[in-house]
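Under this note's numbering, the first residue of the sequence shown carries the number -7, and numbering increases by one thereafter.
These notes are about the structure you will find just below.
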Amino acid sequence: MNCTDFRAFESHYHPVAGVDEVGRGALFGAVVAASVILPPDRLATLHEAGVTDSKQLSPQRRALLDNLIRDVAVDCQVGVATVAEIDRTDILEASLLAMERSLAALTVKPNHCLIDGNQPLRFRLIPPLPQTTVVKGDAMCLSIAAASIVAKVWRDRLMAELEAQYPGYDLASNKGYGTPKHKAALSSLGYTDQHRQSFKLKGLGTSPIQQLTILGDP
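Below you can see the structure in the form of structure tokens.
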């Protein structure tokens, strides 16, 4: 299906939830997913406003569109899989878990789910729902694109908040991804309890977890 076909699909099968995740490739922090149900009569407006794959948008534009999406969405929820869950399973299973958690949080039950990527949800938390996987769905389907924006803005804000708790890793800038500055900090400061131990970095080995004081902890 092309973009026009997906808009027709979302209108015909409404309510349809678009589901996407962000943070799969990061070295630090949780993977975050969002599920978004859009009203059929606002799809054209959202398209004209520039809702598309979050990676194609500036941070400022994402923030504006996040507000618009939340204002017009029938329902919009976020789900998270923790670093411990990523390390205990793997990043794929943790991503699917975060996606399902975002769906489980919806107050409106969708008739169909459009899932970004090629991996279907396992439905271990909620009864199975009809689903369609869409490779590069965030560039083709408005509800998935909206979910990508909501998840990205939510996770980026979390990384900015964690900057103060985990100084020296440049989290507000790199959002937990493996930039040269972040990797250099790992070499000099070591891993924190929010770094993914299952993500092996060449040349860094398995550095011990640095014990950092969390706000509110002794």
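Just so it is clear, CB atoms sit at the ideal spot from N, CA and C, and this is done for glycine as well.
All values derive from a computational prediction rather than experimental measurement.
Just measuring C-alpha positions, the residue of L134, T124, D67 sitting nearest E40 is L134. CA-CA distance, C68 to S27, rounds to 6 Å. For A73, the enclosing beta strand (DSSP E) has its first and last residue at 67 to 73. The three-state reading of DSSP puts E13 in strand, counting E and B together. The Cβ-Cβ distance between I107 and T124 falls below 8 Å. In the same chain as S94, and ignoring 5 residues on each side of it, the C-beta atoms closer than 7 Å to its own belong to V11, A25, A26, S27, Q69, V70, G71, in chain order. Counting of Cβ neighbours within 10 angstroms places E92 among the buried residues, the total reaching 16 or more. Contact check for A138 against L49 fails: the beta carbons are separated by 8 Å or more.
Cβ atoms of N103 and V8 come within 8 Å of each other, at about 7 Å. Between the alpha carbons of G21 and E153 lies a distance of about 12 Å. Going by DSSP, H6 is part of no beta strand (DSSP E) at all; its letter is neither H nor E. Annotation: the continuous beta strand (DSSP E) that includes V24 extends over 23 to 29.
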